[in-house]
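Notes to accompany the following structure.
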Amino acid sequence: MFTFVNRCADTVWPGVLSNAGTARLGTTGFELPPGASRAVPAPSAWSGRLWARTGCAQDGATGRLVCATGDCGSGTAECAGAGAAPPATLAEFTLDGTGGLDFYDVSLVDGYNLPVLVEPSSGERPGGASSAGSCASAGCAADLNAMCPAELRSGGGAACRSACDAFGRPEYCCSGAYANPGTCRPTSYSQVFKMACPRSYSYAFDDPTSTFTCAGGPDYTVTFCPGATPSQKSTTVPAINPVP
């Protein structure tokens, strides 16, 4: 079960994209007013991604729903198998995966549009383990839009692009000669995001501190704009140097 909670000041439109070959959720998108929540049952072994669209409105000429960030291009509240246009903060899940474990993370690899927190509501630490990645909360409660460098800003400050999306360089995209953990290292941009949001994916090979696991088939709460907490937000964020 996924429970979506909107603590943002404005309405958001959650989107759902199921991975190929997995069962679908009962919805692919819906409207969620401020302060509202909605529970969506999840089939066993589901995998996919969740996100929130912001600034959505119906186009007066076409009648299509158009969103300022995270738009899936469907023109309706339901995304119908389409993913989020970057930049967008993504919550990614693989339920009942390897070893019967759930794997989940919050990714900034495709950029950021709003804070997202994922919390297991129950569950068991794998094998009784006490590691930080076991049934822990994942996500980014910080307002990265407020600290987004000018060269990464999107939509007048409504979202923050990833360095890969903004510049397309292999060293930022972990592609080509940089398509492995040994050569694709954190950049000045991803390091700033990581310091602000230590429990989120900041670049493609950020696995060790960004992927979380839980056993026992827990339910998950996905909260948009959760509010910064000491465990989710760093108190000091350094400046970064622009790309030459």
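1 is the number of the first residue of the sequence shown in full-length UniProt numbering; add one for each residue after it.
Even glycine gets a Cβ: it sits at the ideal position worked out from N, Cα and C.
Roughly how many whole angstroms lie between the Cα atoms of residue i and residue j?
i                 : j                 : result
glycine 83        : threonine 94      : 17 angstroms
tryptophan 51     : cysteine 72       : 10 angstroms
arginine 38       : threonine 183     : 42 angstroms
tyrosine 104      : glycine 70        : 20 angstroms
alanine 61        : serine 74         : 16 angstroms
leucine 152       : glutamate 31      : 28 angstroms
methionine 147    : arginine 169      : 22 angstroms
tyrosine 201      : glycine 48        : 16 angstroms
glutamine 232     : glutamine 58      : Below a pLDDT of 50, predicted positions are generally treated as unreliable, and glutamine 232, at 41, falls in that range; the measurement from the model is reported next regardless. Their backbone Cα atoms lie some 34 angstroms apart in a straight line.
glycine 26        : glycine 139       : 24 angstroms
phenylalanine 193 : alanine 158       : 16 angstroms
glycine 216       : phenylalanine 167 : 42 angstroms
aspartate 206     : arginine 64       : 37 angstroms
valine 40         : phenylalanine 4   : 8 angstroms
proline 149       : glycine 156       : 12 angstroms
proline 218       : tyrosine 172      : 35 angstroms
threonine 211     : alanine 91        : 11 angstroms
threonine 98      : threonine 22      : 15 angstroms
proline 181       : glutamine 191     : 15 angstroms
alanine 163       : alanine 85        : 15 angstroms
methionine 195    : aspartate 96      : 30 angstroms
What's the call for residue i, buried or exposed, on a 16-neighbour Cβ count within 10 Å?
i             : result
glutamate 119 : buried
glycine 176   : exposed
asparagine 6  : buried
threonine 223 : buried
alanine 80    : exposed
serine 121    : exposed
glycine 35    : exposed
threonine 28  : buried
proline 115   : buried
proline 208   : exposed
arginine 185  : exposed
arginine 161  : buried
glycine 111   : buried
Going by alpha carbons, who is nearest to residue i out of the options?
i               : options                       : result
tyrosine 178    : Pro198, Ala166, Tyr203, Ala85 : Tyr203
leucine 108     : Thr98, Ala142, Ala80          : Ala142
cysteine 214    : Arg24, Ala80, Ala146, Asp102  : Asp102
leucine 144     : Ser137, Pro87, Asp96, Glu171  : Pro87
proline 33      : Ala61, Asp10, Ser44           : Asp10
valine 12       : Asn113, Ala146, Ala42, Ala196 : Asn113
alanine 45      : Ala20, Arg53, Cys56, Ala57    : Ala20
alanine 77      : Val16, Cys225, Phe212         : Val16
threonine 54    : Cys8, Met1, Ala91, Phe212     : Cys8
phenylalanine 2 : Ala42, Ser18, Arg24           : Ala42
tyrosine 220    : Cys56, Ala68, Val106, Val66   : Val106
cysteine 197    : Asp165, Thr89, Ser154, Gly100 : Thr89
alanine 68      : Arg24, Gly100, Ser18, Ser154  : Ser154
Based on the DSSP secondary-structure assignment, which residues constitute the bridge partners of residue i?
i              : result
proline 41     : Paired residues: none, contrary to the question.
asparagine 145 : Partner(s): none; asparagine 145 has no beta bridge.
serine 107     : Leu90, Tyr201
leucine 65     : Gln58
cysteine 79    : In DSSP, cysteine 79 forms no bridge with anything.
glutamate 119  : Thr221
arginine 153   : Cys160
serine 47      : Thr94
alanine 52     : Pro14
glycine 139    : Leu117, Arg199
glycine 216    : Glycine 216 pairs with nothing; no bridge assigned.
If residue i sits next to residue j, beta carbons under 8 angstroms apart, how far is it from one beta carbon to the other, in whole angstroms?
i            : j          : result
arginine 199 : serine 137 : 7 angstroms
leucine 117  : proline 14 : In fact, because the Cβ distance is near 14 angstroms, the residues do not count as touching under 8 angstroms.
Taking 8 angstroms as the CB-CB cut-off, is residue i touching chain D?
i           : result
alanine 146 : Included in the structure is just one protein chain, with no chain D present.
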